[in-house]
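Residue numbers (the numbering used here), protein chains in the order written: chain A, 1 to 113; chain B, 114 to 226.
As C-alpha cells, the structure follows; a few thoughts come after it.
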Amino acid sequence: SQKIEQNSEALNIQEGKTATLTCNYTNYSPAYLQWYRQDPGRGPVFLLLIRENEKEKRKERLKVTFDTTLKQSLFHITASQPADSATYLCALDETGTASKLTFGTGTRLQVTL
Amino acid sequence: GAVVSQHPSRVICKSGTSVKIECRSLDFQATTMFWYRQFPKQSLMLMATSNEGSKATYEQGVEKDKFLINHASLTLSTLTVTSAHPEDSSFYICSARDHNEAFFGQGTRLTVV
C-alpha cells in the first residue's frame, strides 16, 4: 500500500541548532516532492520544491535533499530560531503539475531558547 | 507568490444546516482548485478537484451529494457542506495551482453543534 511517513510527530531542538526532518514514502513515484510549513489554524505555506532528478535544493536557511533510491527526503533548517516553530509537511506530486498532492502527517518542530 | 483567499475562517452551524465555504484566487486565474480536509493531528486529505465550467472530481469515499462543489468562474470555487453533522466538523482548506505550484487558502474551521 502507499504510505508517506514523517520521522516523528514532534521534534524539539535548541535555538541555533540544525533541525533535520525526514520524509519517507513507499509505492509512490513522485515527480516532485514539496515541503510546506503549517501554523496552527492556518493553511500550508509552500517552502521548497525538489524534482526527481535533483539531489539537493537550498533556499536561505533551508535545505532539502531527495533520494529516489532510498525514497526519502530530508529537510534541514540551519541556525534555527523560535520563529521556525511550526508543523512541517512533505507532499508528493506524482504528476509534476501540483495536482492531487499527497501529504505526510507532518512533524511539529519546537525551537526553544 | 500567488494569493488564495478562503472565507469564512471559522463557522459554527447547527446540525442539519448547510454551510458554504468560498475559495478565491486573488491575482491569478485558476481553472482547477482543490479541496482538502484535515482532522486534528492528521494530514491533509484531498476531497475533490474543482474544475471551472465542469463537474468536480471526487476522491474515493467522499460523498458528492454531501459536499457540493461549484467552480463558476476562473477565480472562485465554493464548497457547500449540506445537512452538516458533528462528524463533519473539521478544518477545510482549498488550494489553487499557478504555474505548477500550489497555493493554499487560510483554511476554514467548521464546527457543527
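Glycine included, C-beta positions come from ideal geometry on N, C-alpha and C.
Please read all numbers here as calculations on a predicted model, not as lab measurements.
> Listed from N- to C-terminal order along the chain, which residues in the segment 209 to 222 of chain B have their beta-carbon within a distance smaller than 8 Å of any beta-carbon of chain A?
Replying inline: R210, N213, E214, A215, F216, F217, G218, Q219, G220 and R222
> In chain order, what residues of the segment 149 to 178 of chain B put their CB closer than 9 Å to some CB of chain A?
Replying inline: Y149, Q151, K154, Q155, S156, L157, M158, L159, T162 and E172
>> Out of A/F46, A/Q81 and A/D67, which one is the CA nearest neighbour of A/E54?
In response: A/D67
> Roughly how far, in whole angstroms, is the beta-carbon of A/Q6 from the beta-carbon of A/T26, given that I think they are within contact range, below 8 Å?
Replying inline: Between A/T26 and A/Q6 the Cβ distance is about 13 Å, and since that is not below 8 Å, they are no contact.
> Among A/I77, A/S73 and A/F103, which residue has its Cα nearest to the Cα of B/I240?
Replying inline: Nothing in the structure corresponds to residue 240 of chain B, since chain B is present only between 114 and 226.
> When the Cα of A/T112 is compared with those of A/Y88, A/S8, A/A19 and A/K71, which residue comes out closest?
Replying inline: Of A/Y88, A/S8, A/A19 and A/K71, the residue nearest in Cα terms is A/A19.
>> Using a Cβ distance threshold of 8 Å, determine whether the segment 128 to 140 of chain B contacts the segment 175 to 189 of chain B, with at least three qualifying pairs required.
In response: yes
> Near B/L159, what residues of its chain come up, given a Cβ to Cβ distance below 7 Å and the 5 sequence neighbours on each side ignored?
Replying inline: Exclusion of the five residues before and after B/L159 leaves F147, Y149 and E172 as the residues of its chain whose Cβ lies within less than 7 Å of its Cβ.
>> Helix, strand or coil for A/A98? Go by DSSP, reduced to three states.
In response: coil
>> Please list, in chain order, the chain A residues whose beta carbon lies closer than 8 Å to that of B/I206.
In response: Correct list: G43 and P44.
>> Does chain A have any CB closer than 8 Å to the CB of B/T145?
In response: yes
> To the nearest angstrom, how far is it from the Cα of B/A191 to the Cα of B/V124?
Replying inline: According to the sequence as given, residue 191 of chain B is Thr; it is not Ala. For B/T191 and B/V124, the distance between alpha carbons rounds to 15 Å.
> When the distance is taken between beta carbons, is A/G43 closer than 8 Å to B/N213?
Replying inline: no
> Residues in its own chain within less than 6 Å of B/Q155 by CB, not counting five upstream and five downstream?
Replying inline: Within its own chain, no residue has a Cβ closer than 6 Å to the Cβ of B/Q155 once the five positions on either side in sequence are excluded.
>> Just to make sure I have the definition right: I need the residues of chain B whose C-beta is within less than 9 Å of the C-beta of A/G132. Which are they?
In response: Nothing in the structure corresponds to residue 132 of chain A, since chain A is present only between 1 and 113.
> Smallest Cα separation from B/V226: which of B/A197, B/S118 and B/P121?
Replying inline: B/A197
> The beta strand (DSSP E) with B/K123 in it runs from where to where?
Replying inline: In the sequence as presented, Lys is not what sits at residue 123 of chain B; that position holds Arg. Element bounds for B/R123: R123 to C126.
> Is A/A98 closer than 8 Å to B/A115 when the C-beta atoms are compared?
Replying inline: no
>> I'd like to know if A/T97 contacts chain B, where contact means its C-beta is closer than 8 Å to some C-beta of that chain.
In response: yes
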